[in-house]
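Structure first, then comments.
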Amino acid sequence: MKLPRHAELWFPGYLSSRIRRLGQRAPRRLWVAITDHYEPLCQKVPMETALRRVARWQEIWPRIAETAPRDAAGRTPCYSFFYPQEEYRPELLEPLAEMTRQGIGDVEVHIHHDRETREGFIQKMRDFCNTLRNDHGLLHDHRGRMVFAFIHGNWALDNSKPDGTDCGLTGEIELLRDLGCYADFTMPSIPSPTQGRVVNQVYWCTGTPGRPKAFNYGVEATVGGGSQGDLLMITGPVGLRYEGRLMPRVEMGEIAHNDVPTEYRVRRWLDFAPQVGDEMFLKLHTHGAREDNADALLGTPIRAGGLEQMFRWLHEETQRRGIELRWASAYDMFCAVEALTGPLNPGPRPIEELTTATVGERGR
Numbered sequence: 355m356k357l358p359r360h361a362e363l364w365f366p367g368y369l370s371s372r373i374r375r376l377g378q379r380a381p382r383r384l385w386v387a388i389t390d391h392y393e394p395l396c397q398k399v400p401m402e403t404a405l406r407r408v409a410r411w412q413e414i415w416p417r418i419a420e421t422a423p424r425d426a427a428g429r430t431p432c433y434s435f436f437y438p439q440e441e442y443r444p445e446l447l448e449p450l451a452e453m454t455r456q457g458i459g460d461v462e463v464h465i466h467h468d469r470e471t472r473e474g475f476i477q478k479m480r481d482f483c484n485t486l487r488n489d490h491g492l493l494h495d496h497r498g499r500m501v502f503a504f505i506h507g508n509w510a511l512d513n514s515k516p517d518g519t520d521c522g523l524t525g526e527i528e529l530l531r532d533l534g535c536y537a538d539f540t541m542p543s544i545p546s547p548t549q550g551r552v553v554n555q556v557y558w559c560t561g562t563p564g565r566p567k568a569f570n571y572g573v574e575a576t577v578g579g580g581s582q583g584d585l586l587m588i589t590g591p592v593g594l595r596y597e598g599r600l601m602p603r604v605e606m607g608e609i610a611h612n613d614v615p616t617e618y619r620v621r622r623w624l625d626f627a628p629q630v631g632d633e634m635f636l637k638l639h640t641h642g643a644r645e646d647n648a649d650a651l652l653g654t655p656i657r658a659g660g661l662e663q664m665f666r667w668l669h670e671e672t673q674r675r676g677i678e679l680r681w682a683s684a685y686d687m688f689c690a691v692e693a694l695t696g697p698l699n700p701g702p703r704p705i706e707e708l709t710t711a712t713v714g715e716r717g718r
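Counting the sequence shown from 1 gives a position; the working numbering is that position plus 354.
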């Protein structure tokens, strides 16, 4: 039965997460990462507009990061730009690489595709990752191997739309694992039918090989548990919020012009964010390149930006709760999870194995 905002998919998992929370230890540390589906060419704008969008971020974001409260390690916030493979232009990417070199940004992998083939996906991802590394000095090495984080465009991870559009590639989870993806940051996707059943968890995909939406089921990451599935999913907060409303609104950790950060939302984020042991992981998301959202995040001449206020509220709320605050890139967040679970060892398989492996193959 279809419910409003496809609650039939996520609401049972939300209720389970609230019950599970009652037995969890109080968190001692919070990791915060902003994952931006950063699309400077979205809305089919000309190149001049895309360049202005990127230049605005390069001008304003360093000031916001510098004036934000430092975390417990004395670090500034670090913004993760998930850049679309299909929008690659060196002049749009290089300013983001410069902010990465300054220590206030990072770049990871995003893609929009449709009717994809296994061979086509492997080639696109290999070429894009090599370009990011060779031409811009981006992406991380983990235990000697180049790795990346991933967000799927239009939410359709692993062919998860019922009509098969905006992906077409069943088995994408296993391919991402084998290409060197250390974690997926796509979820939550409410109200899309692509939303998975597991919410408010850092977990391992354990869906049926060869069937779409392999992230629909999983095993929660645990202290000392190591790898327990195909791909690590780091999800954002999902829940209900009530302040100032007759009917509750769904919270899914999105920052946008029509859903700006507030002190109340910050408190709800910390109520819902996944935990591994006594450490909490708050993954927020946005589409920050477009002008309306950039206004809300970065501010305008007559209005302070939502990011500036959000960082202050997060700092104040963690102090109030007695939680240590850590600003994180997507990769920092993965490393923090790995420090709890034990070695996870992501990394690419040889291209010859990828092109000959059976769809749905598990393990290495």
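All C-beta atoms, glycine included, are put in the ideal place defined by N, C-alpha and C.
Closer than 8 Å to chain D by CB, residue i
i, result
"residue 697", "The chain inventory of the structure shown lacks chain D, comprising one protein chain alone."
Residue closest to residue i, alpha-carbon to alpha-carbon, out of the options
i, options, result
"residue 678", "695, 370, 380", "380"
"residue 399", "700, 562, 645", "645"
"residue 643", "438, 700, 478, 378", "438"
"residue 584", "563, 485, 424, 597", "563"
"residue 371", "700, 652, 680, 626", "626"
"residue 671", "402, 356, 618, 462", "618"
"residue 524", "539, 567, 614, 537", "567"
"residue 639", "434, 633, 655", "434"
"residue 375", "654, 588, 634, 683", "634"
"residue 412", "383, 389, 450", "450"
Close beta carbons around residue i, own chain, < 6 Å, minus the five adjacent residues each side
i, result
"residue 715", "Confidence at residue 715 is low in this model, with a pLDDT of 41, below 50, so its placement is unreliable and no value can be given for it."
"residue 623", "591, 636"
"residue 560", "571, 572, 573, 583"
"residue 552", "367, 572"
Beta-carbon contacts of residue i that lie in its chain and below 7 Å, excluding the five residues immediately before and after
i, result
"residue 359", "544, 545, 604"
"residue 395", "404, 441"
"residue 629", "378, 381"
"residue 692", "698"
Bridge partner(s) assigned by DSSP for residue i
i, result
"residue 500", "495"
"residue 618", "Partner(s): none; residue 618 has no beta bridge."
"residue 657", "654"
"residue 633", "383, 630"
"residue 640", "390"
"residue 506", "465"
"residue 613", "610"
Residue i Cβ short of 7 Å to the ligand FMN heavy atom set
i, result
"residue 448", "Here there are no bound small molecules, and the ligand FMN is not part of this structure."
For this session: Identify every run of the beta strand (DSSP E) within the stretch 530-609, keeping only runs that are complete inside it and at least 3 residues long; order them along the chain.
Result: 535-538, 556-559, 572-574, 586-588, 593-595, 603-605
Exercise. Going along the chain, which unbroken runs of the alpha helix (DSSP H) with 4 or more residues stay wholly within the stretch 666-706?
Worked result: 684-695
For this session: Return the chain-ordered ranges of every beta strand (DSSP E) run that is complete within the stretch 356-404 and spans a minimum of 3 residues.
Result: 383-391
For this session: Within the stretch 435-490, note down every full alpha helix (DSSP H) run reaching 4 residues or more, in order along the chain.
Result: 444-455, 472-490
Problem set entry | Inter-stretch contact at 8 Å, needing at least 3 Cβ pairs: the stretch 470-481 / the stretch 655-673 | no
Exercise. Hey, is the stretch 520-530 in contact with the stretch 490-501, meaning 3+ C-beta pairs nearer than 8 Å?
Worked result: no
Problem set entry | contact_flag[the stretch 648-664, the stretch 409-423] where n(CB pairs < 8 Å) is 3 or more | yes
For this session: Determine, using beta-carbon pairs with one atom in the stretch 605-612 and one in the stretch 508-527, whether at least three such pairs fall under 8 Å.
Result: no
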